Amino acid sequence: MLSANIGHFEDTNPEVHPAAWKLAEHLRGIIRAATAIPAGYDLESALPCRRRPGRRPCPGWMKIRRQDVPAHIYWECSRCDDSGLIHGWEGCPYDLRPPRPLHEQALMVIELTAEEHAELRRLQLLDTDSERMVWATYRENDRLVLFGTDDDVDNLVGFVAFEANHLHDRRRQRRLDSVLTKLETALRTIG
Ligand SMILES: [Zn+2]
């Protein structure tokens, strides 16, 4: 089990230490997901495993749990033996607390593909509400489920549309467009 203090990765430079940077990005994603949900809850997250046994990506995903006292985040792969404990994350830039409640009224659920969710995770300009929504996405059987109130979804639409318009990469744009269509369809269904 990998025990890591996220503070030690602050100055990691992707050019100088690409492997350390990759690990840091992995841990930052886990922190965001862990703090986007209430403590003591097991999140079957949308985050893929970072391992590549035999040069093939491990098909597993991250199972994540946060406890606040002491402040520990536990993660493990659903398939391989990759696992870890993160500390020193409280108040860091990836701490998305307060988390979103899991039982809001009028929740909308939107099914995403792994590629669509990966694209949402790359968005730079999300507000905190949208970030929580993206990182709290959970896995149910083989489905990735984004959830939120109609206000949350409406808010996210604005950010996704803006970034999709400013991308030059056609493939990324297409993925974001397909997310947009799903969000807008969901909004129309309840409206
Ligand atoms: Zn794995």
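Each residue of the sequence shown is one higher than the one before, starting from 87 at the first, in this note's numbering. Beta carbons: idealized from backbone N, C-alpha and C, even for Gly. Computed from a predicted model, the values in this text were never measured in an experiment.
Expressed to the nearest angstrom, what Euclidean distance is found between the alpha-carbon atoms of residue i and residue j?
| i | j | result |
| --- | --- | --- |
| VAL102 | ASP237 | 42 Å |
| ARG257 | ALA250 | 10 Å |
| ILE117 | LEU129 | 12 Å |
| PRO139 | LEU188 | 35 Å |
| ASN241 | GLY93 | 31 Å |
| HIS158 | THR98 | 22 Å |
| HIS252 | LEU232 | 23 Å |
| PRO124 | PRO184 | 8 Å |
| THR235 | VAL155 | 30 Å |
| PRO145 | ALA247 | 30 Å |
| GLU177 | PHE95 | Here the sequence assigns Gly to residue 177, which means Glu is not the residue at that position. If I take the Cα positions, the gap works out to 15 Å. |
| LEU209 | ASP168 | 27 Å |
| ILE172 | PRO100 | 20 Å |
| PRO143 | ARG136 | 7 Å |
| GLN259 | ALA272 | 20 Å |
| MET87 | HIS112 | 15 Å |
Report yes if the C-beta distance between residue i and residue j is below 8 Å; otherwise report no.
| i | j | result |
| --- | --- | --- |
| VAL243 | LEU266 | yes |
| ARG114 | TYR180 | yes |
| LEU230 | LEU198 | yes |
| GLN153 | GLY174 | no |
| LEU133 | ALA119 | yes |
| ARG261 | GLU201 | yes |
| GLY170 | ALA105 | no |
| SER216 | PHE245 | yes |
| THR214 | LEU193 | no |
| ARG186 | ARG141 | no |
Kindly indicate which three-state DSSP category residue i falls into: helix, strand or coil?
| i | result |
| --- | --- |
| ASN91 | strand |
| LEU188 | coil |
| SER216 | helix |
| ASP132 | Note on residue identity: the sequence assigns Ala, not Asp, to residue 132. Strand, per DSSP. |
| ILE159 | strand |
| GLN259 | helix |
| SER169 | strand |
| ARG114 | helix |
| TRP221 | helix |
| LEU253 | coil |
| LEU266 | helix |
| ARG137 | coil |
| ASP243 | According to the sequence displayed, residue 243 carries Val and not Asp. Helix, per DSSP. |
| TRP175 | coil |
| GLU226 | strand |
| ARG274 | helix |
| GLU197 | strand |
| ARG183 | coil |
Am I right that residue i and residue j are in contact with their C-beta atoms under 8 Å? What's the rounded C-beta distance?
| i | j | result |
| --- | --- | --- |
| CYS166 | MET148 | Contact doesn't hold; Cβ gap of about 11 Å is too wide. |
| ARG361 | VAL220 | Summary: the structure shown does not reach residue 361, with the chain confined to residues 87 through 277, and so no result is reported for it. |
| ALA204 | ALA122 | At roughly 16 Å, the Cβ-Cβ gap does not stay under 8 Å, so ALA204 and ALA122 are not in contact. |
| SER131 | ARG225 | 7 Å |
Is any non-hydrogen atom of ligand 2 found closer than 7 Å to the C-beta of residue i, if you look at the structure I gave you?
| i | result |
| --- | --- |
| GLN153 | This structure lacks ligand 2; the ligands present are ligand 1. |
Please enumerate, following chain order, all residues with a beta carbon closer than 6 Å to at least one heavy atom belonging to ligand 1. Going down the chain, each residue whose beta-carbon is closer than 6 Å to a heavy atom of ligand 1 shows up: CYS135, ARG137, CYS144, GLY146, CYS163, ARG165, CYS166 and ASP168.
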